[in-house]
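See structure below.
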Amino acid sequence: MQNSLPQDDWGPFGRPLFEDAKSRGLSRVGVVDIGSNSVRMVVFDGAARSPAYFFNEKILCGLGAGMNETGRLNSKGRERALVALRRFQCLAEGMDLAPLTVVATAAMREAEDGPEFKEIIEKETGLTVYVIDGEEEARLSAQGVLLGWPGSYGLICDIGGSSMELAEIHDGEVGRRVTSPLGPLKLRDLEGGAEARKDRIKTVMAELRDHMGKQRDRLFLVGGSWRALAKVDMLRRDYPLHVLHEYRMDADAVAQTITFIEQHTPEELRKLCGISSTRMSLLPYAAEVLEELLKKFKPADIAISSYGIREGMLYEQMPEELRRRDPLIEASRFSEAKDARLPGFGKRLYSFVKPLFPDADETRLRLIKAACLMHDVSWRAHPDYRAEICFDNATRANLGGLKHSERVYLGISLLYRYRNKPEGTHFEPLFELLDQNDQLEAEILGKAMRLGAMLWMDKLTREEAQLLWDPKTRDLSLRLSEKSAPLYGEVTEARFRSLAAALQAESAEMVVD
Numbered sequence: 188m189q190n191s192l193p194q195d196d197w198g199p200f201g202r203p204l205f206e207d208a209k210s211r212g213l214s215r216v217g218v219v220d221i222g223s224n225s226v227r228m229v230v231f232d233g234a235a236r237s238p239a240y241f242f243n244e245k246i247l248c249g250l251g252a253g254m255n256e257t258g259r260l261n262s263k264g265r266e267r268a269l270v271a272l273r274r275f276q277c278l279a280e281g282m283d284l285a286p287l288t289v290v291a292t293a294a295m296r297e298a299e300d301g302p303e304f305k306e307i308i309e310k311e312t313g314l315t316v317y318v319i320d321g322e323e324e325a326r327l328s329a330q331g332v333l334l335g336w337p338g339s340y341g342l343i344c345d346i347g348g349s350s351m352e353l354a355e356i357h358d359g360e361v362g363r364r365v366t367s368p369l370g371p372l373k374l375r376d377l378e379g380g381a382e383a384r385k386d387r388i389k390t391v392m393a394e395l396r397d398h399m400g401k402q403r404d405r406l407f408l409v410g411g412s413w414r415a416l417a418k419v420d421m422l423r424r425d426y427p428l429h430v431l432h433e434y435r436m437d438a439d440a441v442a443q444t445i446t447f448i449e450q451h452t453p454e455e456l457r458k459l460c461g462i463s464s465t466r467m468s469l470l471p472y473a474a475e476v477l478e479e480l481l482k483k484f485k486p487a488d489i490a491i492s493s494y495g496i497r498e499g500m501l502y503e504q505m506p507e508e509l510r511r512r513d514p515l516i517e518a519s520r521f522s523e524a525k526d527a528r529l530p531g532f533g534k535r536l537y538s539f540v541k542p543l544f545p546d547a548d549e550t551r552l553r554l555i556k557a558a559c560l561m562h563d564v565s566w567r568a569h570p571d572y573r574a575e576i577c578f579d580n581a582t583r584a585n586l587g588g589l590k591h592s593e594r595v596y597l598g599i600s601l602l603y604r605y606r607n608k609p610e611g612t613h614f615e616p617l618f619e620l621l622d623q624n625d626q627l628e629a630e631i632l633g634k635a636m637r638l639g640a641m642l643w644m645d646k647l648t649r650e651e652a653q654l655l656w657d658p659k660t661r662d663l664s665l666r667l668s669e670k671s672a673p674l675y676g677e678v679t680e681a682r683f684r685s686l687a688a689a690l691q692a693e694s695a696e697m698v699v700d
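Numbering (the working numbering), first residue to last: 188 to 700.
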């Protein structure tokens, strides 16, 4: 295939960085978050800019339960947390990880026995525990959002068990930040019932608004309670794609979901949404906080972020050059290098299909690039199921920097890479997340990749193929050299005709140069 770029020019996305020495040092990183409600260990692995979750385990300990009355950590929570941390340290040694990075948040920084418990943890496990203040917690959570949305802007709201943090982000930087006592564990234990909670939330939220100033951009919601709320919203809407990261809501949707929660028992919702009973019991208090937050800050829209403080701890270790990279492209390149039959072919395939999209902006080109890089990573799957596995991987994989509609675009294009028609799959309900024009464009991309996959050439001969498309005259041509012309067999011709039909081409011809 003809590549219009010099061999050492990687285009607007730059040379892959996951093989860089600084990035390789981040290939497997373990972090632990000791929160007011849970203790979690995550081990990140793979492409450092968009890492996979090699290991992810959470124990709901409830360290902050009852602190309003006692001022101390919950005794049973301490026991459970210590058992979990012993296990995590043992696992880290078994995985041969660098020392775990361990941070503790609101419960341990506020409890009178927090310093004592820190000493016990360090003595019994050998871990070093960093008890961070609220502003540092807000900063790390905001950096976690930047891991998934580089260069994004808006207000981060991270809710834990005992506190809620706000931070602003703009141009890839973290700005003002603040902490508050609006965690659901504290609100649940507040004396005076619903009226006292309402007054506390309203008063504190007004103070937060005064501190943070106007924040009318996107609101990013971080934390287990917000993810639980999003699950209920998905249930209420019968939403077809059950991926929480980048799930969108607005103020009206939140209001309807709060009413929906009030109309159902916690047990009903817990079973239907797969939410733990502990999390479900705290959800009504978190919902009250979000309702007031939306009134005070009036964000343009709302996005759920699965990335938060733990991802922020990884982001903290990244060199600036890596931070600026597109997480989708870096992850796709890593996937190709690890799983494709011919690593590096995705770059040539991208140059081959690109003439079909002369008006594509950078937002669309990154999806086209990602599809080309991922077009062959599922080749080991059974031929009867490759198309569905490709679609499933694109729509449900842990990929940063992707809207739900973009996941579906990728999924449809990869489905057509292995299958000429989408009928008969169980994914069709997801197509509604993408308008008809974008569905057609994804089909064209998939069929172009399906054609391009037939035109492999020996790397030494560098014989190339070229697609030419004139959207005004609707003329399509496939140019092959004399040496590569024999690749144009019956199956190749059928795929070329299928691409021409999708483009609604007036003419389609194969030309031998």
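Note that the Cβ used here is the ideal one computed from N, Cα and C, for glycine as well.
> Where DSSP assigns a beta bridge to Thr366, which residues make up the other side?
Replying inline: Glu352
>> Does Thr144 come out as helix, strand or coil in the three-state DSSP assignment?
In response: Because the chain spans 188 through 700 in this model, residue 144 falls outside it and cannot be assessed.
> Among Cys344, Lys385 and Asp358, which has the Cα closest to the Cα of Gly411?
Replying inline: Cys344
> Per the contact definition of three or more C-beta pairs closer than 8 Å, is the segment 492-504 in contact with the segment 322-340?
Replying inline: Verdict: yes, contact present.
> Could you give the distance in angstroms between the alpha-carbon of Ile491 and the alpha-carbon of Leu477?
Replying inline: Distance between the alpha carbons of Ile491 and Leu477: 13 Å.
>> Taking the alpha carbon of Ser694 as the reference point, which residue from Glu280, Leu617, Lys305 and Lys659 has its own alpha carbon closest?
In response: Of the candidates Glu280, Leu617, Lys305 and Lys659, the one whose C-alpha sits nearest the C-alpha of Ser694 is Lys659.
> Below 8 Å, can you find three or more Cβ-Cβ pairs linking the segment 394-403 to the segment 256-263?
Replying inline: no
> Start and end of the beta strand (DSSP E) containing Ser464?
Replying inline: From DSSP, Ser464 is part of no beta strand (DSSP E) but of the alpha helix (DSSP H) over Ser464 to Phe484.
> Is the segment 301-321 touching the segment 437-455 in the sense that three or more CB pairs, one from each, lie closer than 8 Å?
Replying inline: Contact between the segment 437-455 and the segment 301-321 is not established, with fewer than three Cβ pairs separated by less than 8 Å.
>> Closer than 8 Å is the cut-off here; do at least three beta carbon pairs connect the segment 370-379 with the segment 338-355?
In response: yes
>> Considering only the alpha carbon of each residue, which of Gly676, Arg423, Ala298 and Leu428 lies closest to Tyr596?
In response: Leu428
> Lys590: which of Lys483, Leu601, Ser464 and His432 sits nearest, CA to CA?
Replying inline: His432
>> I need the straight-line Cα distance from Trp197 to Arg520, nearest angstrom please.
In response: The pLDDT assigned to Trp197 is 48, lower than 50, so where the model puts this residue is not dependable; a value taken from the coordinates is nonetheless given after this. Trp197 and Arg520: Cα-Cα distance of roughly 12 Å.
> If we ignore side chains and look at the alpha-carbon of each, how far apart do Pro545 and Trp656 end up?
Replying inline: 9 Å
> Rounded to whole angstroms, how far is the Cβ of Arg682 from the Cβ of Lys634, which I believe are closer than 8 Å?
Replying inline: 7 Å
>> With H, G and I counted as helix, E and B as strand and the rest as coil, what does DSSP make of Asp670?
In response: At residue 670 the sequence reads Lys, which differs from the Asp that was named. Residue state, collapsed to three classes: coil.
> Any idea what DSSP makes of Gly264, helix, strand or coil?
Replying inline: The answer is helix: DSSP assigns Gly264 an H, G or I state.
> Among the residues of its own chain, which have a CB less than 8 Å from the CB of Leu632, if the five just before and after it don't count?
Replying inline: Val540, Leu543, Phe544, Ile555, Ala558, Ser600 and Tyr603.
> By how many angstroms is the C-alpha of Ser463 removed from the C-alpha of Ile576?
Replying inline: Approximately 29 Å, taken between the alpha carbons.
>> Here's a check: name, in chain order, each residue in its chain whose Cβ is nearer than 7 Å to the Cβ of Glu593, leaving out the five neighbours to either side.
In response: Hits under 7 Å: Leu554.
> Relative to the alpha-carbon of Ile356, which residue among Ala383, Leu665 and Arg326 has its alpha-carbon at the smallest distance?
Replying inline: Arg326
> If you check the beta carbons only, do Ser565 and Asn580 fall under 8 Å apart?
Replying inline: Yes.
> Taking Cβ positions, are Arg514 and Gly588 nearer each other than 8 Å?
Replying inline: The amino acid at residue 514 is misidentified as Arg; the sequence shows Pro. Cβ atoms of Pro514 and Gly588: closer than 8 Å.
> Measuring CB to CB, does Asp662 end up less than 8 Å from Ala692?
Replying inline: When the beta-carbon positions are compared, Asp662 and Ala692 come within less than 8 Å of each other.
> Can you tell which of Ala487, Tyr494, Arg387 and Met392 has its C-alpha closest to the C-alpha of Trp413?
Replying inline: Here the closest residue by C-alpha is Tyr494.
> Which of helix, strand or coil does DSSP assign to Val730?
Replying inline: The first residue shown for the chain is 188 and the last is 700, placing residue 730 beyond what the model contains.
> By a C-beta neighbour count over all protein chains shown, 10 Å radius and 16 as the cutoff for buried, is Ala417 buried or exposed?
Replying inline: Buried is the call here.
> Assuming Leu552 contacts Arg236 under a Cβ cut-off of 8 Å, what Cβ separation, rounded to an integer in Å, is found between them?
Replying inline: About 18 Å separates the Cβ atoms of Leu552 and Arg236, ruling out a contact at the 8 Å cut-off.
>> Going by C-alpha to C-alpha distance, which of Leu408, Val409 and Met436 sits closest to Met421?
In response: Met436
> Looking at C-alpha atoms only, which residue of Asp622, Thr612, Leu667 and Ala239 is the closest neighbour of Gly335?
Replying inline: Of all alpha-carbon atoms in Asp622, Thr612, Leu667 and Ala239, the one lying nearest the alpha-carbon of Gly335 is that of Ala239.
> Can you tell me the Cα-Cα spacing of Met467 and Leu395, whole angstroms?
Replying inline: 26 Å
> If we ignore side chains and look at the alpha-carbon of each, how far apart do Asp625 and Leu686 end up?
Replying inline: 16 Å
> If we ignore side chains and look at the alpha-carbon of each, how far apart do Glu549 and Phe407 end up?
Replying inline: C-alpha separation (whole angstroms): 23 Å.
>> To the nearest angstrom, how far is the alpha carbon of Leu459 from that of Pro486?
In response: Looking at the two C-alpha atoms, the distance is approximately 29 Å.
> In the structure shown, what three-state DSSP assignment does Arg424 receive?
Replying inline: The answer is helix: DSSP assigns Arg424 an H, G or I state.
>> Going by beta-carbon coordinates alone, are Arg573 and Pro337 separated by less than 8 Å?
In response: no
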